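Mapping of the sequence shown onto this note's numbering: residues 229 to 614, in sequence order.
For every residue, glycine included, the Cβ atom is placed at its ideal position computed from N, Cα and C.
Since the structure is predicted, the reported quantities are computational estimates derived from the model, not experimental observations.
Everything below concerns the one structure shown next.
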Amino acid sequence: MKTVHFVSHTLDFAAGGAERVLLDVLMRIDRSRFDVRLVVGRDACGVPPEFEALGLPIELLPHLHMTSSRNPSSFLRIGCALIGSALSLFRILHRERPDVVHVNSPFALHFALAPCLLTQTPLVYHEHGLPRSRQDSIWSIAYPWLIHRVSHTIAITDAVRAEVIGHGVSRDRITTVHNGIEAGSPPAVPTGPSRSAKQGFTIVQIANFLEWKGQDVVLEALSPLREKVQDARVIFYGQSKDLEYESRLRDRIAELSLCDCVEFGGYRTDLAELLPTYDCLIVASRAEPFGLVLLEGMRAGLPVVGSNAGGVPEIVTDGENGLLFEPGDAAGLVDALQRIANDPDLATRLVVNGRHVLETRFSLARQVEAVEAILENHGRQGASDR
């Protein structure tokens, strides 16, 4: 049995998809083969009940100050926090001598690498993002140095893998493991625009409010779309991560006279139950590393539309299990949405094919098995049963 310490800077689901992926892996990892511990930074989120319910030993590290700024005060605060977290993790690794450490975020990588090197503990890093998206951030400065010194890297898409390789990492030291979800039973809700006839053609986007997520593109598409699909409306779900950007979105809604057909739903934990009531799901990101919500849309029986960038084309094949448009191209998004709204046969075909792709290529079991194999292969060699 191999002892694995999973390390993350946070367990906050609102932070992004990485925390949800971590929970899925921990819920399904084979406990007969892996003795699992969780090591996480303290933050306002604390330890969510979903993680507590796993019954795993959990160690809390000092709070990691999160900022992207490169000003001197940020360097000082982050530096002090990283040192505190690194010292705490070193004591844990020195005491418990795990066979391998799995690091779930680039932020945690900054404090986890040194303790792993000092204790000669193999480190498997799970890259959930496109490194270039952090290039203007304080977190990009040490990344090229750090990524070269991990034992192995898991990339969630080939697009992410290509960017990591672009930093000079050898191809044999990084493996693509696509995220997966439980497919569950097909929804009983009918497919196509008829499902929410009382509300009109309702489009849903699930993403935190950040400019690269593309909510502005959706707004620019909605106005001309309503000239062709008069009952079209949009609901945005997500947490406000950039207040200035969200303010600009609200101003633009007023300018376009869209107040009656745009809704802000906030951050929700029950979206799996809500999704089947909508007509179409959008991922409008300028470059999305993966797009877990695309799989969630397919599971809910929705036709999906995604931007042709990042990892999205690895999930969506245009015209087969969804539609693609070029990033930032509002006119292309209008065309895709109009096709789905006006062609129920197309919408149904996309849903059926989406379900097939979900079940055959993006199962959670397949993902967890691949992660387990990497942890086995890159842990301490000859680890004894414990």
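Starting from the C-beta of residue 602, find all residues in its chain whose C-beta is less than 7 Å away, skip the five residues before and the five after it, and write them out in chain order.
Same-chain partners within the cutoff: 352, 380, 382, 403.
Please report the residue range of the beta strand (DSSP E) in which residue 265 lies.
Segment 262-269, the beta strand (DSSP E) holding residue 265.
If you draw a straight line from the C-alpha of residue 372 to the C-alpha of residue 395, how long is it?
In a straight line, the C-alpha of residue 372 is about 6 Å away from that of residue 395.
What alpha helix (DSSP H) runs, 4 residues minimum, are completely inside the segment 530-560?
Listed in chain order, there is nothing to give.
How about residue 518 and residue 468: do their beta carbons lie closer than 8 Å?
Not closer than 8 Å, so no.
Using alpha carbons as the reference points, say which of 377, 376, 405, 378 lies closest to residue 388.
Distance from the Cα of residue 388 is smallest, within the candidate group 377, 376, 405, 378, for 405.
According to DSSP, simplified to helix, strand and coil, what is residue 383?
Here residue 383 sits in strand by DSSP.
So what does DSSP say about residue 239, is it helix, strand or coil?
In this structure, residue 239 counts as coil in the three-state DSSP scheme.
Give the range of the beta strand (DSSP E) segment to which residue 406 is assigned.
The continuous stretches of beta strand (DSSP E) do not include residue 406, and DSSP gives it neither H nor E.
Quick one: measure Cβ to Cβ for residue 345 and residue 305, integer angstroms, because I've assumed they're closer than 8 Å.
Contact doesn't hold; Cβ gap of about 24 Å is too wide.
If we ignore side chains and look at the alpha-carbon of each, how far apart do residue 476 and residue 443 end up?
Those two C-alpha atoms are separated by around 11 Å.
Identity of the residue in 434, 510, 433, 348 nearest residue 608 by Cα
Of the candidates 434, 510, 433, 348, the residue whose Cα lies closest to the Cα of residue 608 is 348.
Tell me which residue opens and which closes the beta strand (DSSP E) that residue 508 is part of.
Run containing residue 508: 508-511, per the beta strand (DSSP E) assignment.
Kindly indicate the opening and closing residues of the beta strand (DSSP E) around residue 430.
That run of the beta strand (DSSP E) goes 430-434.
List, from N- to C-terminal side, the alpha helix (DSSP H) runs of 4 residues or more that fit wholly inside the segment 318-369.
Within the segment 318-369, the complete alpha helix (DSSP H) segments of 4 residues or longer fall at 334-347, listed in chain order.
When burial is assigned at 16 or more other CB atoms within 10 Å of the CB, is residue 588 buried or exposed?
Around the beta carbon of residue 588, fewer than 16 other beta carbons sit within 10 angstroms, so the residue counts as exposed.
Which stretch, first to last residue, makes up the beta strand (DSSP E) that contains residue 514?
Residue 514 -> no beta strand (DSSP E), and no H or E assigned at all.
Find out if the Cβ-Cβ distance for the pair residue 487, residue 460 is shorter than 8 Å.
No, the pair does not count as a contact, with Cβ atoms beyond the cut-off.
Residue 614 to residue 568, Cα distance in whole Å?
Because the pLDDT of residue 614 is 49, which lies under 50, any placement of that residue in the model is unreliable, and the number read from its coordinates should be weighed accordingly. Going by C-alpha positions, residue 614 is about 55 Å away from residue 568.
When you compare each of 450, 512, 329, 384 to residue 536 by their alpha carbons, which one comes out closest?
It is 512.
Cβ neighbour criterion (16 or more within 10 Å) applied to residue 333:
Residue environment for residue 333: buried (at least 16 other C-beta atoms within 10 angstroms of its C-beta).
On a CA-only basis, which of 594, 514, 533 is nearest residue 575? Give me that one, please.
Nearest option by C-alpha distance: 533.
Pull up the CB-CB distance for residue 256 and residue 592, whole angstroms please, since I reckon it's below 8 Å.
Confirmed, about 6 Å.
Restricting to Cα atoms, I'd like to know which of 580, 269, 559, 264 is closest to residue 453.
Considering only alpha carbons, the answer is 559.
Excluding the 5 residues flanking residue 463 on each side, which residues of the same chain have their C-beta closer than 7 Å to its C-beta?
Annotation for residue 463: 430, 432, 491, 493 place their beta carbon closer than 7 Å to its own, counting only its chain and skipping 5 residues before and after.
Please report the straight-line C-alpha distance between residue 233 and residue 364, rounded to a whole angstrom.
Within the model, the alpha-carbon separation for residue 233 versus residue 364 is close to 30 Å.
Distance between residue 324 and residue 419 (C-alpha atoms, nearest Å):
Low confidence applies to residue 419: its pLDDT is 47, below 50, so where it sits in the model is not reliable enough to give any reading.
Leaving out five residues on either side along the sequence, give the residues of the same chain with a beta carbon under 6 Å from the beta carbon of residue 374.
Excluding residues within five positions, the ones whose Cβ falls inside 6 Å are 337, 341.
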